[in-house]
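Numbering (the working numbering), first residue to last: 2 to 292.
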C-alpha cells in the first residue's frame, strides 16, 4: 500500500459513483460527523488538494507545521505534502477539490502553481471582499457542474470554472508581496529534504544518524532544528510516519496484523501491537474495528 493516496483511492474510500467521476478531478462535500476521523485517509495525496472550509474550525498540521483553519479559509495542499488533522469542530464543513498529477501535468498554469514556494510555506489563505464573493460563486458552480448529468462539454466546463478559481487564489498570493520573506530559507530546505527522506525510508530506517548523515548534519543539530521549527524531534517524526502507515493499512486493507507488522519491519507482531498501543492508546485490532 503506497503512502500517497491517488484519486482512485479517494473514489473507493468515499464510494463515489463511477458514472460521476471526471478524469483527473474529484469534488467532495465533507462534513465532520461523530465517529469519523478526518485524518485517517487524507494524510498524503499524490496530486493537488484545494479545501474550502465553509463552516466551523479545524486545527491541522501541514508539511510539519501547525495551522488554525477557520470558516472561509482556503487550504492549498501541494502534491505529496503531509496533512494531519489534529482537531475538527462538530459543525465543520468543507468542500475539497482534488486534482491528479496527470491532470496537473496537462496545464502549464497548474504546473507553475504547484511550484510556488510561497504557497508551500503558507498553505492557508483567506480572500477578501469581491474576490471572496466570486470564489464562493465559482465554488458553487463547480459543485453543480460536477454533479450534473454527463455531457460532451461537462469536462470543459469544469476546467474553465476550475482555472478561474485557481487564478483568483493565485492573485491573492501575488498580492501579498509583504509576505515574500516566507519564501524557502535554509530551515525550509532542511525540512523539505528531511521530508523526502522520511517519506521514503521511515519504515526501515529509524535511526536519527541515518537522516542526519544524509543531510550532512549532526544528529543533535537536526533534532534540535526540527523540534524548534515543527514541535517534533526526528524520532517523533519517525514514529508519526510509521503510525500513519499503520493506520492506513489497518483502515484500507484486510491484511492480518502479523503481515502488517512484517511490512512495517517489526520483528514480530506482538512488538508492533505494543508499539501501536503505546502511541495511540488502543490496539491495532480495536483501531481497525472502531468505525
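Ideal placement from N, C-alpha and C gives every residue a C-beta, glycine not left out.
- DSSP places residue 237 in the uninterrupted alpha helix (DSSP H) bounded by 235-253.
- Boundaries of the beta strand (DSSP E) around residue 77: 74-78.
- Relative to residue 286, the option among 266, 269, 252 and 263 whose CA is nearest is 252.
- Taking C-beta atoms as the reference points, residue 76 and residue 109 fail to come closer than 7 Å.
- Note on geometry: alpha-carbon atoms of residue 278 and residue 146 lie some 45 Å from one another.
- Secondary structure in the segment 75-161: the alpha helix (DSSP H) runs of 4 residues or longer, each lying completely within the stretch, are 102-106, 109-115, 118-122 and 130-148 in chain order.
- Taking a contact as a CB-CB distance under 8 Å, the pair residue 130 and residue 89 does not count as one, their CB atoms being some 28 Å apart.
- Spanning the alpha carbons of residue 132 and residue 256 requires a straight line of approximately 48 Å.
- In this structure, residue 95 places its C-beta atom within 7 Å of the C-beta atom of residue 54.
- Per DSSP, residue 216 lies in no beta strand (DSSP E) segment and is marked neither H nor E.
- If you compare the alpha carbons of 240, 188 and 207 with that of residue 225, the shortest gap goes to 188.
- In the DSSP assignment, no residue is bridged to residue 221.
- For residue 139 and residue 158, the gap between their C-alpha atoms comes out near 12 Å.
- As a beta-bridge residue in DSSP terms, residue 45 pairs with 83.
- At the C-beta level, residue 52 and residue 7 stay beyond 7 Å of one another.
- Residue 266 is not a Cβ neighbour of residue 244, given a cutoff of 7 Å.
- Taking C-alpha positions only, residue 166 is separated from residue 274 by approximately 46 Å.
- It is roughly 39 Å from the alpha-carbon of residue 27 to the alpha-carbon of residue 272.
- In this model, residue 14 and residue 101 are separated by some 16 Å (Cα to Cα).
- Across the set 143, 263, 127 and 80, the C-alpha of 80 shows the shortest separation from the C-alpha of residue 117.
- Just so you know, the alpha carbons of residue 197 and residue 111 end up roughly 22 Å apart.
- Proximity to residue 63 across 74, 49, 47 and 86 peaks at 86, based on C-alpha coordinates.
- The continuous alpha helix (DSSP H) containing residue 272 extends over residues 270-281.
- Secondary structure at residue 69: strand, using DSSP grouped into helix, strand and coil.
- With fewer than three CB-CB distances shorter than 8 Å, the segment 167-174 does not count as touching the segment 204-212.
- Going by beta carbons, residue 162 and residue 135 fall outside the 7 Å limit.
- In this structure, the beta-carbon distance from residue 50 to residue 78 falls below 7 Å.
- In the structure shown, the three-state DSSP call for residue 265 is coil.
- Scanning its chain for C-beta atoms nearer than 7 Å, with the 5 sequence neighbours on each side dropped, one finds around residue 220 the residues 209, 210 and 213, in chain order.
- A distance below 8 Å between beta-carbons, with the five flanking residues on each side excluded, links residue 199 to the following residues of its chain, in chain order: 212, 238, 239 and 242.
- For residue 160, the closest C-alpha among the options 119, 113 and 107 is that of 107.
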